[in-house]
Amino acid sequence: MFVLLPLFCCISFPPPHSHFSLSLPVARCSLYFSFGADRIPPPLSVIAAAKVASLTLPPPSTVTSASDSACLPTFLFSNGLKLQGTYVLLRYIGRVANLYGQDPFESSQIDQWLEYTPVLSVGSEFENACNYIDNYLQTRTFLVGYSLSIADIAIWSGLADGRVVGSLRSFQM
């Protein structure tokens, strides 16, 4: 899961099968994207946020490594710096693509939802979490503010992942 994303510049890196262009006015660059082979499901929220932000991701490649950090989704910048972790990458995409709130308060509300998202992967809590989110959205269209944010994407991804995990639990061989 290596992503090469230098800010404010245009460069490309081989191999071409793992290349994408960031089509945003502030950051155009090339990227490698991969994640740990044992990560099931893949970082759907990062993939979806990139799509919403008009980033064309290559098909993700997997990395087989005993290192815990190798299992984390990672953006590797051309200067050697890197960002690791699903929510770190979501925040980065959110900031670049204006999906991270209109002010510091909205950004903090988005952070609250990002911290809530893991509850959706706890089987016993999934139904209660779905009810909470459903009730919260009774009076609003988006989780934070008046437009789509990475909070909406993360919660959607958590719901999708939770539903898949739940259906796998009920499947018996």
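In terms of the numbering used here, the numbers along the sequence shown are unbroken and rise by one, the last being 183.
Backbone N, C-alpha and C define an ideal beta-carbon position, used for all residues, glycine too.
All values derive from a computational prediction rather than experimental measurement.
With fewer than 16 other Cβ atoms from the protein chains shown falling within 10 Å of its own Cβ, P114 counts as exposed. Each residue's CA atom was taken as its position, placing G104 and W166 some 15 Å apart. Under DSSP, K92 takes part in a beta bridge, and its partners are L86. Within the region 97 to 183, the alpha helix (DSSP H) runs of at least 4 residues that lie entirely inside it are, in chain order, 114 to 126, 136 to 146 and 160 to 180.
Contact between I120 and S159 holds, since their C-beta atoms are separated by about 5 Å, short of 8 Å. By the Cβ-count criterion, S118 is exposed, with fewer than 16 other Cβ atoms from all chains shown falling within 10 Å of its own Cβ. Our two residues, L82 and N145, have alpha carbons roughly 32 Å apart in a direct line.
Considering only A164, A60 and A139, the residue with the shortest C-alpha distance to A107 is A60. Taking a C-beta distance under 7 Å as the contact criterion, G155 and T127 do not qualify as a contact pair.
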